[in-house]
Amino acid sequence: DSFDKPTICIPLLARGDSLGVLHIASLDSEFINLDEELTVAIAEHLGIAFANFQLRNKLRQQAIRDPLTGLYNRRYLTEVLEQTISQAERRNTSLAICMVDLDNFKKFNDEFGHESGDFVLKRVAEEFINCTRSGDVACRYGGEEFCLVLIDISEEDALSIAEKVRNMVRGL
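Below you can see the structure in the form of structure tokens.
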């Protein structure tokens, strides 16, 4: 039970945000004899390091995700495709690449407005996520073009997913 042992709690702060707490507990019931200035300095450094880690992750997500749809973007596809093909070759498995282009999308945008077009793109992206399996990669390739990378899949199953996607888009 750690409640009866001496502890020190110091907030982890960075840029005015509270990120957590540095909690130091003694292993026995003896008093923890720590240099207060050193402990606070360590907590400050940990807070800054944690904030930098969060920022780096956020920037990475912004670099590989399409902001409108939340799908991976073309940059990520370029990064992951070569690696995915190499893994499939090493494991002697197959993969399928399904390119999807929404027909007459420019005409739709012109007739109903870009806000409606954005809504359609978001809905299509949601359906791509629903149609694919965990581990598959759904990307917004550009404009109204999408790419699905279906990993470790038979030709029949890939065709089935492609047909499911086609019917889903048609239904929207």
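Read left to right, the sequence shown gives residues 18 to 189 (this note's numbering).
Quick reminder that beta carbons are idealized off the backbone N, C-alpha and C, glycines included.
Note that this is a predicted model, so its numbers are computed, not measured.
In terms of DSSP beta bridges, what is residue i paired with?
i, result
"residue 176", "In the DSSP output, where bridge partners are listed per residue, residue 176 has none listed."
"residue 55", "DSSP lists no partner for residue 55."
"residue 116", "164"
"residue 155", "165"
"residue 28", "38"
May I ask you to report which of helix, strand or coil DSSP gives residue i?
i, result
"residue 170", "coil"
"residue 86", "coil"
"residue 111", "coil"
"residue 150", "coil"
"residue 16", "The structure shown does not extend to residue 16, since the chain is modelled only from 18 to 189, so the question has no answer here."
"residue 44", "coil"
"residue 12", "Coverage of the chain is limited to positions 18 through 189, which leaves residue 12 absent and any answer about it impossible."
To the nearest angstrom, report how far apart residue i and residue j are at their CA atoms.
i, j, result
"residue 108", "residue 157", "27 angstroms"
"residue 112", "residue 123", "31 angstroms"
"residue 190", "residue 52", "No information on residue 190 is available, as it lies outside the stretch 18 to 189 that the chain covers here."
"residue 27", "residue 66", "15 angstroms"
"residue 116", "residue 165", "6 angstroms"
"residue 98", "residue 152", "13 angstroms"
"residue 199", "residue 101", "Look at the range of the chain in this structure, 18 to 189, and you will see that residue 199 is not part of it."
"residue 131", "residue 125", "9 angstroms"
Is the distance from the Cβ of residue i to the Cβ of residue j below 8 angstroms?
i, j, result
"residue 30", "residue 36", "yes"
"residue 161", "residue 127", "no"
"residue 85", "residue 135", "yes"
"residue 154", "residue 186", "no"
"residue 69", "residue 81", "no"
"residue 169", "residue 95", "no"
"residue 182", "residue 129", "no"
"residue 45", "residue 75", "no"
On a CA-only basis, which of the options is nearest residue i? Give me that one, please.
i, options, result
"residue 54", "25, 183, 78", "25"
"residue 167", "149, 76, 22, 79", "149"
"residue 92", "121, 78, 105", "78"
"residue 147", "72, 73, 133, 179", "179"
"residue 61", "32, 133, 73", "32"
"residue 114", "188, 163, 34, 56", "163"
"residue 159", "59, 83, 177", "83"
"residue 34", "50, 176, 64", "64"
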